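Engineer:
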Amino acid sequence: MLSAIIIFSCKDPEIIEPEPEPVDSIGDVNVWLTSGNEVFLMKRQSSVDFSRELGDFTIVLDTAVTHQEMDGFGAALTGSSAYLIKQMRPADRDKLLKDLFDPAQGIGLNYLRITIGSSDFSIGTYSYCDNPDINSFGIPQRDRDDLLPVLRMILAINPSIKILASPWSAPAWMKQNNSMYGGSLKGNSVYNDFAEYFVRYIKAFESEGISVDAITIQNEPMHETGGYPTMKMLWEEQNTIIRDYLGPKFVEHNIKTKIIIWDHNFDMAYYPINILNDPLTRQYVAGTGWHGYGGDASAIDAVQALHPDKDVYFTEQSGGGWNTDTRMGNMFWYMKNFLMASVNRGSKNFIMWNLALNPQNGPTTTTGGCQNCRGVVTVKPDGTYTRNEEYYLLGHFSKFVRLGAKRIKNSATNLPDGMTLSSFMNTDGSKVVVVINRSGARKQYNIRCGARKFLYNQLDESVVSFYFK
26 MLSAIIIFSC
36 KDPEIIEPEP
46 EPVDSIGDVN
56 VWLTSGNEVF
66 LMKRQSSVDF
76 SRELGDFTIV
86 LDTAVTHQEM
96 DGFGAALTGS
106 SAYLIKQMRP
116 ADRDKLLKDL
126 FDPAQGIGLN
136 YLRITIGSSD
146 FSIGTYSYCD
156 NPDINSFGIP
166 QRDRDDLLPV
176 LRMILAINPS
186 IKILASPWSA
196 PAWMKQNNSM
206 YGGSLKGNSV
216 YNDFAEYFVR
226 YIKAFESEGI
236 SVDAITIQNE
246 PMHETGGYPT
256 MKMLWEEQNT
266 IIRDYLGPKF
276 VEHNIKTKII
286 IWDHNFDMAY
296 YPINILNDPL
306 TRQYVAGTGW
316 HGYGGDASAI
326 DAVQALHPDK
336 DVYFTEQSGG
346 GWNTDTRMGN
356 MFWYMKNFLM
366 ASVNRGSKNF
376 IMWNLALNPQ
386 NGPTTTTGGC
396 QNCRGVVTVK
406 PDGTYTRNEE
416 YYLLGHFSKF
426 VRLGAKRIKN
436 SATNLPDGMT
446 LSSFMNTDGS
456 KVVVVINRSG
466 ARKQYNIRCG
476 ARKFLYNQLD
486 ESVVSFYFK
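Residues 26 to 494 (the working numbering) are what the sequence shown spells out, left to right.
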């Protein structure tokens, strides 16, 4: 009887004596491989059997120890991305969207970030309330033309996709410099209107049949430039707005949309810590959002050590012309240092920056923002598209780790340097293990789940996703 329970739950064998007998079965482990030389690009391989064969070391899964529930993996449907996708011929657009969002025909992306007004990747500069009266709030025509139609197409493919919305700037009339480019809010004279801006935004999208799962109240609040829409917001100000205005408004209007704080780099952990230290503010906050353009993922540990009850989110990372390795070398590095580093520390999601850009890395709002950012895909004028390294980075997780999955414990004795892994269990009991091998040599190892194990011989410079029930 004990053996049957172990087979189902993959409980940690370290607490079980004697070690259970393996249970063999044929072709039950599905395998997808990407190799550094691009011979295999998320290519399905021959299925692997559960067996008694022994490798050089064993990765043990323990589904009795679960961590965060996953919300998903995805990218930002910026104004530029929505515009490019909307301009495609219907047949080309349908092919692209299924490739990106359908888990059977594509990689099943299940998280989107959208911008509340313009970012550095938009068609023009606009907010959702350009006239100096909050009662003039409305969805801009630009977003009605591009963003909403594309969102509806995506939701038709994946109705459970989650959406995070973030402003790059408040409306110009709320700011000291009367511009969406740089500057900061005028102070508490506009805090009520600024909070109301989010309430009306969420309700406006609800009226369009689109549910916004979470918001941040300012993208990269410690970055300010006059080159494109940005806004400086110190932690004290973000704390006051959430505590005294936005949080109470969400309660008053029964809004369930999550509030995520910070939404900026790993190098300023003090910012979310100070906000979460306020006992009144923290009751309104779901968790902290992170970007990877400065510092490293250990910042997550600093916040979680003090506030372990609050969730972790990874809300933006872009690839671009600054990446100097090969395509797959870039992908492996991003996977280890951003995606796995964040998810293995508790992040419920992982979001890349632009979903789609053109071959000129645009269109961009101005020449003041990122001019060499790379999209998950590059859409060409003829309607074809290139899957960039970010496509495979996300796909190795998004295709298999579905909404509601939980990260599960894994352990390995003598795991070689250069190997990194993450493991999950979906709501249907299926398991997912993603393994990077950059050890310098092929590695032959077992993955063990309860009384069953299988053997795999993994290429150097490769990533493998295993999926099995």
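Don't be surprised by glycine CBs; every beta carbon is placed ideally from N, CA and C.
This one's a predicted model, so the numbers in the text were calculated from it and none came from an experiment.
Taking all protein chains shown into account, decide if Ser483 is buried (16 or more other Cβ within 10 angstroms of its Cβ) or exposed.
Structural biologist: Looking at the sequence provided, one finds Gln at residue 483 rather than Ser. Under this definition Gln483 is a buried residue.
Engineer: Rounded to a whole number of angstroms, what is the C-alpha to C-alpha distance between Tyr226 and Gly465?
Structural biologist: Approximately 51 Å between the Cα atoms of the pair.
Engineer: If contacts are defined as beta-carbon pairs under 8 Å, then Thr390 and Tyr222 qualify, I think. What distance do you get, rounded to the angstrom?
Structural biologist: 20 Å between Cβ atoms; not a contact.
Engineer: So what does Glu94 bridge to, in DSSP terms?
Structural biologist: Answer is Lys431.
Engineer: Taking the alpha carbon of Phe125 as the point to measure from, which residue in Ser60, Ser423, Glu277 and Arg307 has its own alpha carbon closest?
Structural biologist: A quick correction: the sequence has Leu, not Phe, at residue 125. Answer by Cα proximity: Ser423.
Engineer: Report the residue from Arg169, His316, Phe449 and Arg412 whose alpha carbon sits nearest the alpha carbon of Ser232.
Structural biologist: Ranking Arg169, His316, Phe449 and Arg412 by Cα distance to Ser232 puts Arg169 first.
Engineer: Tell me, please, which residues DSSP counts as bridged to Pro254.
Structural biologist: Partner(s): Tyr206.
Engineer: Give me the DSSP bridge partner(s) of Asn462.
Structural biologist: Answer is Met444 and Ser487, bridged to Asn462.
Engineer: What residue range is occupied by the uninterrupted beta strand (DSSP E) comprising Leu189?
Structural biologist: First-last of the beta strand (DSSP E) with Leu189: Lys187 to Ser191.
Engineer: Applying the criterion that 16 or more other CB atoms from any shown protein chain within 10 Å of the CB defines a buried residue, is His278 buried or exposed?
Structural biologist: When all chains shown are included, His278 counts as exposed.
Engineer: Straight-line CA distance for Cys395 to Ile280?
Structural biologist: Taking the straight line joining both Cα atoms gives about 34 Å.
Engineer: So if DSSP puts Asp336 in a beta bridge, which residue, or which two residues, is it bridged to?
Structural biologist: Looking at the DSSP assignment, Asp336 forms a beta bridge with Gly312.
Engineer: Can you tell me whether Thr438 is buried or exposed, with buried defined as 16 or more other CB within 10 angstroms of its CB?
Structural biologist: It counts as exposed.
Engineer: So does Ile280 have its beta carbon nearer than 8 Å to some heavy atom of the ligand ZN?
Structural biologist: The model depicted lacks the ligand ZN and carries no ligand whatsoever.
Engineer: Output yes or no for whether 9 Å exceeds the beta carbon distance between Gly387 and Phe146.
Structural biologist: Cβ distance < 9 Å, so Gly387 and Phe146 count as in contact.
Engineer: Rounded to whole angstroms, what's the CA-CA distance from Tyr318 to Phe98? Just pull it up for me.
Structural biologist: Distance between the alpha carbons of Tyr318 and Phe98 is about 18 Å.
Engineer: Could you tell me the distance, in whole angstroms, from the CA atom of Ile376 to the CA atom of Asn160?
Structural biologist: Near 33 Å, if we compare the C-alpha coordinates of Asn160 and Ile376.
Engineer: Taking only three categories from DSSP, how would you classify His289?
Structural biologist: Three-state result, His289: strand.
Engineer: Could you pull the DSSP bridge partners for Asp87 from this structure?
Structural biologist: BP columns for Asp87 point to Lys434.
Engineer: Just list the residues that DSSP pairs Thr411 with in beta bridges.
Structural biologist: Thr411 pairs with Thr403.
Engineer: Report the three-state DSSP secondary structure of Gln166 (helix, strand or coil).
Structural biologist: Correct three-state label for Gln166: helix.
Engineer: Could you check the C-alpha separation between Ile30 and Pro333 for me, to the nearest Å?
Structural biologist: In this predicted model, Ile30 has a pLDDT of only 33, less than 50, meaning its place in the structure is not dependable enough to derive any value.
Engineer: Can you give me the C-alpha to C-alpha distance between Met178 and Asp288, rounded to a whole angstrom?
Structural biologist: If you take the alpha carbons of Met178 and Asp288, they lie about 27 Å apart.
Engineer: Take Arg167 as the anchor and find which of Leu109, Asn135 and Gly104 has the nearest alpha-carbon.
Structural biologist: Nearest C-alpha to Arg167: Gly104.
Engineer: State the start and end residues of the unbroken alpha helix (DSSP H) segment that holds Gln112.
Structural biologist: Note, Gln112: alpha helix (DSSP H), Gly104 to Gln112.
Engineer: What is the DSSP secondary structure of Gln469, reduced to helix, strand or coil?
Structural biologist: Three-state DSSP puts Gln469 in a strand.
Engineer: Between which two residues does the alpha helix (DSSP H) carrying Tyr151 extend?
Structural biologist: Counting along the chain, Tyr151 falls outside any alpha helix (DSSP H), and DSSP gives it neither H nor E.
Engineer: Measure the C-alpha to C-alpha separation of Val224 and Lys274 and round it to an integer number of angstroms.
Structural biologist: Straight-line Cα distance between these residues: approximately 7 Å.
Engineer: Hey, quick one: how far does the alpha helix (DSSP H) through Arg118 stretch, first residue to last?
Structural biologist: Unbroken alpha helix (DSSP H) run through Arg118: Pro115 to Phe126.
Engineer: If you compare alpha carbons, which of Val426, Gly400, Trp315 and Thr452 is closest to Ala101?
Structural biologist: Among Val426, Gly400, Trp315 and Thr452, the Cα nearest to that of Ala101 belongs to Gly400.
Engineer: DSSP has Ser343 in a bridge; who is on the other side?
Structural biologist: DSSP, once it has assigned bridges, lists no residue as partnering Ser343.
Engineer: Should Tyr295 go down as buried or exposed, given a rule of 16 or more other Cβ atoms within 10 Å for buried?
Structural biologist: Exposed.
Engineer: Using 9 Å as the limit for Cβ to Cβ distance, is Met377 near chain D?
Structural biologist: Judged by its chain identifiers, the structure shown contains no chain D, having just a single protein chain.
Engineer: Taking a contact to mean a Cβ-Cβ separation below 9 Å, would you say Asp428 touches Asp96 in this structure?
Structural biologist: The amino acid at residue 428 is misidentified as Asp; the sequence shows Leu. Yes, these two residues count as a Cβ contact at 9 Å.
Engineer: Which one of Asp218, Ser209 and Gly251 has the shortest CA to CA distance from Trp260?
Structural biologist: Ranking the options by Cα distance to Trp260, first place goes to Ser209.
Engineer: I need the boundaries of the alpha helix (DSSP H) containing Trp358, first residue and last residue.
Structural biologist: First-last of the alpha helix (DSSP H) with Trp358: Arg352 to Tyr359.
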